[in-house]
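One structure is given here, and the rest of the page talks about it.
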Amino acid sequence: MSIDWRAAFAQGLPYDAYLQAHGTEAHRERWRRVYERVALTDAQKELLRGFVRQMNVLVLAGAWCGDCANQCPILKRFAEESPRIDLRFIDQETNPELTEALRINGGRRVPVVVFLSEDFFECARYGDRVLAFYRQMARDQLGPACPAGVVPPGDDLLRAATSEWLAEFERVHLMLRLSPRLRERHGD
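When the letters of the sequence shown are read in order and numbered with the working numbering, they come out as residues 839 to 1026.
In structure tokens form, the structure reads like this:
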């Protein structure tokens, strides 16, 4: 299935508008609790502020999903630090075609992050959890496949997840920065 990423991105909502449109007060509170605890280091902020290529980031999410509540606030912090990151959210429940196209391991998983170039070429997909969350799940051997997000991640886990998400953002930014097509376009 070919996806018109420009059109999909145009349907996406900014973080707060997405939560207002698709989340309950309880969902917004879960996301807010994690957001307030996401702390970027000075080095992480400097890295994000150094991005020079526009990166359109589309997140297939569910406001109800614990994995989204525990990870999407990290992405919002990144977008706040870098004017080159345009972050948008699309709801899994209201976009069945996109949800179907973005299945992971045969399942409807969220969040799924699609990294797009400035001209809406797909660069990468990443989701549904970073390695730190999978490791924690393996250690705990508890809970449903998609936790409710009632208990936010501990500080160490949140720091690890932030670092892992940032590594993927940096990888895609470097892909864009080193792209011969984009270097020719920008004369750099």
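No residue lacks a Cβ here, since even glycine has one placed at the ideal position from N, Cα and C.
Spatial distance of Q849 from D1026 (CA atoms): Reading the sequence shown from its first residue, position 11 is the one you call residue 849. Reading the sequence shown from its first residue, position 188 is the one you call residue 1026. Taking the straight line from one Cα to the other gives about 32 Å.
What is the DSSP secondary structure of F927, counted as helix, strand or coil? Numbered from 1 along the sequence shown, position 89 holds the residue referred to as residue 927. Strand, per DSSP.
Might you give, ordered along the chain, the residues of its own chain that have their beta carbon closer than 8 Å to the beta carbon of R941, omitting 5 neighbours on each side? Translated into positions along the sequence shown, residue 941 becomes position 103. Only R947 meet the Cβ criterion.
Where T1000 falls, given that 16 or more other Cβ within 10 Å makes a residue buried: The sequence position of residue 1000 within the sequence shown is 162, counting from 1. Buried.
For C906, which of helix, strand or coil comes out of DSSP? Within the sequence shown, the letter at position 68 stands for residue 906. Note: C906 maps to helix in three-state DSSP.
Quick check: the region 853-864 against the region 968-976, are at least 3 beta-carbon pairs closer than 8 Å? no
Under the rule that 16 or more other beta-carbon atoms within 10 Å means buried, what is P1018, buried or exposed? One-based indexing of the sequence shown puts residue 1018 at position 180. Exposed, by the Cβ-count rule.
Where are the alpha helix (DSSP H) runs, 4 residues long or more, that stay fully inside the region 858-921, in chain order? 863-875, 880-887, 904-919
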